[in-house]
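I have placed the structure first, in the form of structure tokens, so that the comments after it can refer back to it.
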Amino acid sequence: MLLHSNTTYALGASTIDLCLSVFPWAPFRRTKAAVKLHTLLDLCGNIPTFIHIAEGKLHDVNALDLLIPEPGALYVMGRGHLDFARLYRLALAGAFFVIRAKANFRFRRLYSAQRYPRRSCAASSVAMPRSTRSRRFRFR
1 MLLHSNTTYA
11 LGASTIDLCL
21 SVFPWAPFRR
31 TKAAVKLHTL
41 LDLCGNIPTF
51 IHIAEGKLHD
61 VNALDLLIPE
71 PGALYVMGRG
81 HLDFARLYRL
91 ALAGAFFVIR
101 AKANFRFRRL
111 YSAQRYPRRS
121 CAASSVAMPR
131 STRSRRFRFR
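Taking the numbering used here, the leading residue of the sequence shown gets 1, the next gets one more, and so forth.
Encoded structure:
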């Protein structure tokens with residue numbers, strides 16, 4: 001089990017639909033407008049640490065380029081943030097991350113952590129990616 005006493009952050013993004021005729025500066029699709037709200041929330045409080053409002057077409061993974069990693073912090077993210085080069089930058093800064101894997105994510109389990117029967121976590125493992133794109137980056 002990972003014992004972590006430093007700051008824990010949740011990183012997420014929401015697309016906010018807008019009316020194209022009212023917001024022509026925010027085109028998203030042919031008939032829609034939208035903006036994307038990237039939020040970094042410190043889980044010890046209820047006020048966001050970082051908010052970035054961008055065009056709706058901006059992919060979630062691009063928010064990692066805007067963050068200044070905090071050494072020792074734990075970042076919890078969804079699968080839209082899976083990019084090995086960007087995650088490697090977090091690891092080099094001394095930060096940790098937990099990310100939900102995509103369905104086609106291939107990995108090699110290094111070891112499994114102890115499971116607690118009353119917890120909702122299905123499994124807790126430390127793994128290494130098998131992807132050829134991830135081999136350039138040496139992190140676990």
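Beta carbons: idealized from backbone N, C-alpha and C, even for Gly.
- In the DSSP assignment, residue 13 falls within the beta strand (DSSP E) that extends over 8-18.
- Fully contained in the region 46-96 are the following alpha helix (DSSP H) runs of length 4 or more, in chain order: 84-92.
- The DSSP-derived three-state label of residue 24 is coil.
- DSSP places residue 31 in the coil class of the three-state scheme, outside both helix and strand.
- Put simply, of 127, 46 and 96 the residue whose alpha carbon is nearest the alpha carbon of residue 108 is 127.
- One Cα belongs to residue 100, the other to residue 31, and the distance between them is close to 32 Å.
- With a 10 Å radius around the Cβ and a threshold of 16 neighbouring Cβ atoms, residue 35 comes out buried.
- In this structure, DSSP gives residue 102 a state outside helix and strand, which the three-state scheme calls coil.
- When the alpha-carbon of residue 52 is set against those of 61, 90 and 45, the nearest one is in 61.
- When C-beta atoms of the region 58-75 are compared with those of the region 6-15, three or more pairs fall below 8 Å, so the two segments count as touching.
- Annotated as proximal: residue 86 and residue 64, with beta-carbon spacing under 7 Å.
- Residue 81 counts as buried, since at least 16 other C-beta atoms from the protein chains shown sit within 10 angstroms of its C-beta.
- Inter-residue distance for residue 112 and residue 43 is about 25 Å (C-alpha atoms, whole angstroms).
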